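Under the working numbering, the first residue of the sequence shown is numbered 23, with each subsequent residue one higher. These notes are about the structure you will find just below.
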Amino acid sequence: MSIPPEDVAALLRWYADMGVDTAIAEEPVDRFAESAVPARSPSPLARPIAEAPRAAEPSPSVPRLATAASALLTATPDAVELAAREQARSARTLEELRDILDRFEGCALKATASRLVFADGAADADIMFVGEAPGRDEDIQGKPFVGRSGQLLDRMLAAIELDRTKAYIANVVPWRPPGNRDPTPQETTICRPFIERQIELVAPKILVCLGARSAQALLGVTEGILKLRGRWLEHEIGGRHIRAMATLHPAYLLRQPVQKRLAWRDFRAIRSALSKD
């Protein structure tokens, strides 16, 4: 029985969405032997930044490993997190921070993602929106919130007279997890220093966490999003206190459209706060 070409194409797209990127061949392949090939990078967790000031020598507690692959296999999570914090802290501009992230080898998600999804919008915006992690469309385009949830976010922004030229948009984790799964706690912990430095460099007046996981990672809360949303909190970073609010993620609103009324209340409160500043 022959399968129509459009069905084959749909099946392949489904496999790609689920994170399947390797076909089974006729002959077996030793993946362990492939991973044993030394990486070209001389640094364990990050490659040198071109045309950037030389970074300070890493702390003795950060292991000096020969390759990025061996770093992921043998470095402790604490050592990787420490390296992430040191490198994020060294960034003086958003451009430097993006370069550092692009060369960072401490998060395994980089190996399965197509590209880094750093940010979109105005770097001098008064308001910053932070989601959890990129999806398929974001992984393809290299920008956050460009799929269906991003289109809904754009409409929500327009409802309070904002757009991407007046807001800054990013994610806690800048690489797409395979199959759009949730990032693990360890992956979030490793990436958190970079989004914290990003917030510090943008220095918004208002921080909006899109979804519970973003709020939990940045605001240190444990409540569910329906209990947490709509409340003004405070995010302290770099000696500054930023007003913060958690609201429903656009992807959740696509699944539960009846809850858009709650998001509308949150966005009206955000608009009112921006008008007063």
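Note that beta-carbon positions come from the ideal geometry of N, C-alpha and C, so glycine has one too. Everything numeric in this text was worked out from a predicted model, so none of it was measured.
Counterpart residues of residue i in DSSP-defined beta bridges
i, result
"Asp142", "Ile191"
"Phe151", "Ile191, Val230"
Burial state of residue i (16 or more Cβ within 10 Å)
i, result
"His257", "buried"
"Thr244", "exposed"
"Ala101", "buried"
"Ala93", "Because the pLDDT of Ala93 is 49, which lies under 50, any placement of that residue in the model is unreliable, and the question is left without a value."
"Asp146", "exposed"
"Asp161", "buried"
"Asp103", "The sequence given here places Glu at residue 103; Asp does not occur at that position. Answer is buried; the Cβ neighbour count reaches 16."
"Arg198", "buried"
"Pro272", "buried"
"Leu95", "Because Leu95 sits at a pLDDT of 43, beneath the cut-off of 50, its placement in the model cannot be relied upon, and the following sentence gives the value as read from the coordinates. Label assigned to Leu95: exposed."
"Val194", "buried"
"Ser294", "exposed"
"Gly242", "exposed"
"Arg235", "buried"
"Ala133", "exposed"
"Ile149", "buried"
"Glu127", "buried"
"Ala181", "exposed"
"Gln278", "exposed"
"Ile25", "exposed"
"Arg125", "buried"
"Gln109", "buried"
"Gln208", "exposed"
"Gly246", "exposed"
"Val280", "exposed"
"Arg170", "exposed"
Residue i versus the options, residue with shortest Cα-Cα distance
i, options, result
"Phe142", "Lys132, Pro196, Glu183, Thr244", "Here the sequence assigns Asp to residue 142, which means Phe is not the residue at that position. The shortest Cα separation from Asp142 among Lys132, Pro196, Glu183, Thr244 belongs to Pro196."
"Ala262", "Leu250, Leu276, Ala225, Ala268", "A small correction: the amino acid at residue 262 is Arg; Ala does not occupy that position in the sequence shown. Of the candidates Leu250, Leu276, Ala225, Ala268, the one whose C-alpha sits nearest the C-alpha of Arg262 is Ala225."
"Arg265", "Arg111, Arg253, Val280, Leu248", "Arg253"
"Thr269", "Arg277, Val280, Ile259, Lys249", "Lys249"
"Gly201", "Leu104, Ala113, Asp159", "Asp159"
"Glu183", "Leu123, Val280, Pro27, Ser297", "Ser297"
"Met267", "Arg186, Thr206, Ala144, Ile292", "Ile292"
"Thr115", "Leu104, Pro26, Ile217, Val280", "Ile217"
"Phe151", "Arg219, Val230, Pro26", "Val230"
"Leu223", "Pro272, Val139, Pro99, Gly260", "Gly260"
"Leu276", "Leu241, Leu232, Thr210, Leu174", "Leu174"
"Thr211", "Ala155, Ala180, Met178", "Ala155"
"Met178", "Ile25, Pro26, Asp299, Arg287", "Arg287"
"Pro99", "Arg235, Thr206, Ala133", "Thr206"
"Ile122", "Ser112, Ile191, Leu131", "Ser112"
"Leu240", "Pro215, Gly246, Arg251, Lys227", "Pro215"
"Tyr190", "Lys227, Gly169, Gln208", "Lys227"
"Val139", "Glu118, Lys165, Leu131", "Lys165"
Run of the beta strand (DSSP E) containing residue i, from where it starts to where it stops
i, result
"Cys231", "228-232"
N-terminal and C-terminal residue of the alpha helix (DSSP H) that residue i is part of
i, result
"Thr115", "It is not in any alpha helix (DSSP H) - Thr115 carries neither H nor E in the DSSP assignment."
"Leu11", "Missing from the structure shown is residue 11; the chain here goes from 23 to 299 and no further."
"Lys165", "Taken as a continuous stretch (DSSP letters only), Lys165 belongs to no alpha helix (DSSP H), as it is neither H nor E."
"Thr134", "131-134"
Cβ-heavy atom distance, residue i to the ligand HEM, below 7 Å
i, result
"Phe167", "Inclusion of the ligand HEM in the displayed structure is not the case, the ligand content being empty and no account of it being possible."
* Report the residue ranges of all beta strand (DSSP E) runs contained in full by the stretch 206-285; include only those spanning at least 3 residues, in chain order. => Entirely contained in the stretch 206-285, the beta strand (DSSP E) runs reaching 3 residues are, in chain order, 228-232, 254-259, 262-269.
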